[in-house]
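Below, the structure written as structure tokens:
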């Protein structure tokens with residue numbers, strides 16, 4: 001016999017995706033280690049496929065769940081916003097570790113010189129500066145999309161999200177080109193390792209944010225967002241602004257100050 005819910009919270013149904021996602025994360029991490037030891041990329045590709053499958057399935061379930069207005073009450077929406085805020089806070093601390101390693105090595109260099117003599121840093125006012133302008137512009141386009149959504153202007157929402165996705169793809173392409181033409185590799189000391197760890201993980205976050213926004217674009221096209229119900233888009237916009245802010249710190253500290261200019 002069904003019981004009427006007497007509370008404003010949403011109790012989620014059992015889901016296989018946390019388990020499948022953890023398996024995908026384990027396989028991916030193992031694949032990364034094997035790839036770094038030149039043992040092939042097959043395990044890594046398998047892990048990525050499992051993660052993408054998990055993302056698709058989990059996203060589908062959450063979208064279907066969000067369409068039930070009786071489940072996504074005001075209290076649930078507040079909880080989701082708090083959860084996203086705490087997640088972004090944990091991501092901030094994730095990058096704090098990389099900044100800590102970089103400044104610890106740069107302020108107290110073992111050879112007394114920073115950057116090391118055998119390292120030729122990238123010109124911060126070349127591609128990095130251009131990428132900074134791209135991310136700053138993307139912050140304005142996603143804000144434009146948010147305001148358009150609040151006003152119920154669907155066409156402007158699609159334009160704003162689409163432009164943000166395009167700018168994210170351009171940023172990733174330029175960073176890939178920059179990596180391909182860098183004069184130092186990952187294994188060439190503390191400078192290169194901290195540089196690639198910090199900028200590489202940021203690049204991964206840009207790719208994730210771009211996928212996040214791509215899902216939002218399709219959802220907006222299907223009319224699943226309204227001025228008073230758009231938690232999914234709001235979370236994506238917050239995440240993208242976080243990516244923008246982290247890049248500003250990376251540009252100023254690692255690219256500019258860390259280059260010795």
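Numbering (my numbering), first residue to last: 1 to 261. Glycine included, each C-beta is placed from N, C-alpha and C at the ideal position. All of these numbers come straight from a predicted model, not from anything done at the bench.
Contact belief for residue i with residue j at Cβ below 8 Å, rounded distance in angstroms
i	j	result
residue 206	residue 59	About 19 Å; that fails the 8 Å criterion.
residue 71	residue 10	4 Å
residue 170	residue 145	About 17 Å separates the two Cβ atoms, so there is no contact after all.
residue 254	residue 95	Going by Cβ atoms, the distance from residue 254 to residue 95 rounds to 11 Å, so no, they are not a contact pair.
residue 48	residue 34	With 8 Å as the limit, residue 48 and residue 34 do not qualify as a contact, their Cβ atoms being about 13 Å apart.
residue 227	residue 137	About 25 Å; that fails the 8 Å criterion.
residue 172	residue 98	Not really, about 19 Å apart at Cβ, beyond 8 Å.
residue 251	residue 141	Incorrect: roughly 19 Å between the Cβ atoms, too far for contact.
residue 284	residue 258	Beyond the ends of the chain as shown, which are 1 and 261, falls residue 284; an answer cannot be given.
residue 235	residue 213	11 Å between Cβ atoms; not a contact.
residue 130	residue 174	7 Å
residue 17	residue 57	6 Å
residue 75	residue 232	Actually they are not in contact, since the Cβ atoms of residue 75 and residue 232 sit about 18 Å apart, beyond 8 Å.
residue 135	residue 247	5 Å
Opening and closing residue of the alpha helix (DSSP H) in which residue i lies
i	result
residue 88	74-107
residue 127	127-151
Opposing strand residues paired with residue i [DSSP bridges]
i	result
residue 229	226
Quick one: any contact between the segment 232-247 and the segment 106-122, if contact means 3 or more CB pairs under 8 Å? Segments in contact, no.
Runs of alpha helix (DSSP H) wholly within the segment 12-43 (minimum 4 residues, chain order): Fully enclosed alpha helix (DSSP H) runs of 4 or longer: 17-36.
Within the chosen definition, does the segment 160-168 reach the segment 183-190 through at least 3 CB pairs nearer than 8 Å? Taking 8 Å as the limit for Cβ pairs, the verdict is that the segment 183-190 does not touch the segment 160-168.
Mind pulling the beta strand (DSSP E) runs of 3 or more residues that sit fully within the segment 168-201? Annotation: the segment 168-201 contains no complete segment of the beta strand (DSSP E) (minimum length 3 residues).
With contact counted as at least three CB pairs below 8 Å, one residue from each stretch, are the segment 84-91 and the segment 211-226 in contact? Taking a contact to require three or more Cβ pairs closer than 8 Å, the segment 84-91 and the segment 211-226 do not qualify as touching.
Across the segment 16-26 and the segment 40-53, are there enough close Cβ pairs to call them in contact, namely three or more that are closer than 8 Å? Touching, yes.
Do three or more CB pairs link the segment 174-184 to the segment 120-133 at distances below 8 Å? The segment 120-133 and the segment 174-184 touch, with three or more beta-carbon pairs separated by less than 8 Å.
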